[in-house]
Amino acid sequence: MTVGGEATATGNGQTVCVTGAGGYIGSWIVKLLLEKGYAVRGTVRNPDDAKNAHLRGLAGAAERLVLCKADLLDGDALRAAIAGCHGVFHTASPITDDPVRLTFFSGEISAL
Ligand SMILES: NC(=O)c1ccc[n+]([C@@H]2O[C@H](COP(=O)([O-])OP(=O)(O)OC[C@H]3O[C@@H](n4cnc5c(N)ncnc54)[C@H](OP(=O)(O)O)[C@@H]3O)[C@@H](O)[C@H]2O)c1
Numbered sequence: 253m254t255v256g257g258e259a260t261a262t263g264n265g266q267t268v269c270v271t272g273a274g275g276y277i278g279s280w281i282v283k284l285l286l287e288k289g290y291a292v293r294g295t296v297r298n299p300d301d302a303k304n305a306h307l308r309g310l311a312g313a314a315e316r317l318v319l320c321k322a323d324l325l326d327g328d329a330l331r332a333a334i335a336g337c338h339g340v341f342h343t344a345s346p347i348t349d350d351p352v353r354l355t356f357f358s359g360e361i362s363a364l
């Protein structure tokens with residue numbers, strides 16, 4: 253697994269972005285994509301955080317997983333993570349019940 257840079261596409265040669273890669277649902281999607289031979293670009297807010305360490309142990313992660321640092325509030329980082337990917341699983345989700353912030357987060361994603 254690398255941080256930043258490019259995932260080396262092997263397997264079926266396609267790259268898929270998974271936002272919230274270190275989360276519950278994101279982690280399962282990353283695992284399944286790697287098992288199916290995809291190169292995966294996973295977004296996390298802090299690639300060095302120990303809570304994302306389990307991703308390093310996934311089969312295929314060393315060769316085909318790249319973790320990109322991206323907050324949902326950072327449109328440029330999200331665009332960079334998604335650019336060139338064949339598909340995106342958007343699982344990153346801010347934990348807030350503030351309707352103003354939730355509307356903002358939704359707008360950031362739809363604008364990409
Ligand atoms: N789990 C379920 O059974 C279930 C069922 C139905 C629907 N859902 C929905 O599916 C989505 C994911 O659920 P989950 O269980 O996988 O949640 P989770 O384990 O809490 O993962 C959510 C991820 O979102 C990321 N995140 C939070 N705020 C962010 C921000 N501002 N910018 C970038 N990333 C941010 C977190 O990344 P960091 O690690 O960087 O903080 C975390 O890894 C949620 O919308 C949830 O409501 C879940």
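The end of the sequence shown is residue 364 by our numbering, with every number in the run present.
Yeah, the Cβ is synthetic: ideal placement off N, Cα and C, and Gly gets one too.
Every value quoted in this text rests on a predicted model; they were computed, and no experiment measured them.
Please report how far the alpha carbon of residue i lies from the alpha carbon of residue j, in whole angstroms.
{"i": "Ala335", "j": "Gly272", "result": "16 angstroms"}
{"i": "Phe341", "j": "Asp350", "result": "24 angstroms"}
{"i": "Asp323", "j": "Ala332", "result": "12 angstroms"}
{"i": "Leu310", "j": "Leu286", "result": "8 angstroms"}
{"i": "Gly339", "j": "Leu317", "result": "15 angstroms"}
{"i": "Ala344", "j": "Gly275", "result": "7 angstroms"}
{"i": "Gly265", "j": "Asp328", "result": "25 angstroms"}
{"i": "Ala261", "j": "Cys320", "result": "Low per-residue confidence applies at Ala261: pLDDT is 48, beneath 50, and the placement is therefore not dependable, though the value from the model is reported in the following sentence. Taking the straight line joining both Cα atoms gives about 16 angstroms."}
{"i": "Leu284", "j": "Ile347", "result": "25 angstroms"}
{"i": "Ser279", "j": "Arg293", "result": "12 angstroms"}
{"i": "Ala314", "j": "Asp300", "result": "15 angstroms"}
Residue i and residue j look like a contact to me (Cβ under 8 angstroms); what is the Cβ gap, rounded to whole Å?
{"i": "Val270", "j": "Val282", "result": "5 angstroms"}
{"i": "Asp267", "j": "Ala291", "result": "A small fix is needed here, since residue 267 is Thr in this sequence, not Asp. With 8 angstroms as the limit, Thr267 and Ala291 qualify as a contact, their Cβ atoms being about 4 angstroms apart."}
Run the CB neighbour count on residue i, radius 10 Å, all protein chains shown included, and call it buried at 16 or more, exposed below.
{"i": "Asn298", "result": "exposed"}
{"i": "Asn304", "result": "buried"}
{"i": "Gly312", "result": "buried"}
{"i": "Leu307", "result": "buried"}
{"i": "Leu325", "result": "exposed"}
Self-check item: Entirely enclosed alpha helix (DSSP H) segments - the region 312-339, minimum 4 residues
Solution: 313-316 and 327-334
Quiz prompt | Whole runs of the alpha helix (DSSP H) within the region 274-318, excluding any shorter than 4 residues | solution = 276-287 and 313-316
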